[in-house]
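Accompanying notes for the structure given below.
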Amino acid sequence: CIEMYADPESRGGILEPTGTVEVMFRLKDQVKMMHRLDPVLQQLDKDSKANAADVVEREKSLSSTYLQVAHKFADLHDHAGRMKAK
45 CIEMYADPES RGGILEPTGT VEVMFRLKDQ VKMMHRLDPV LQQLDKDSKA
95 NAADVVEREK SLSSTYLQVA HKFADLHDHA GRMKAK
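So the mapping is simple: the numbering used here equals the position in the sequence shown, first residue as 1, plus 44.
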């Protein structure tokens, strides 16, 4: 019988959250999610040819927020409590 102990604040440490995000949540996936969730982008998509510059501008402004959320999400999945649940 093997017993294992872990500090509640410990991490699995397989990949850093930034590495996980780079591999699992690429830019094209982020853009797809932005268009699915953001009401402003959904409005701009109704006439995407006329609003192409506005769409690119909105994607740029949202990209840092989506990246921060993705990093936090990946970080939360690397803690002992979450790994035990798996």
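Glycine included, every Cβ here is placed at the ideal spot set by N, Cα and C.
- Take the alpha-carbon of residue 68 and the one of residue 113: they are about 13 Å apart.
- Cβ-Cβ separation between residue 88 and residue 99: approximately 5 Å, consistent with a contact (criterion under 8 Å).
- A Cβ-Cβ distance of about 10 Å is found for the pair residue 85 and residue 77, leaving them out of contact under the 8 Å criterion.
- If you draw a straight line from the Cα of residue 49 to the Cα of residue 107, it is about 38 Å long.
- DSSP, read as helix, strand or coil, puts residue 88 in helix.
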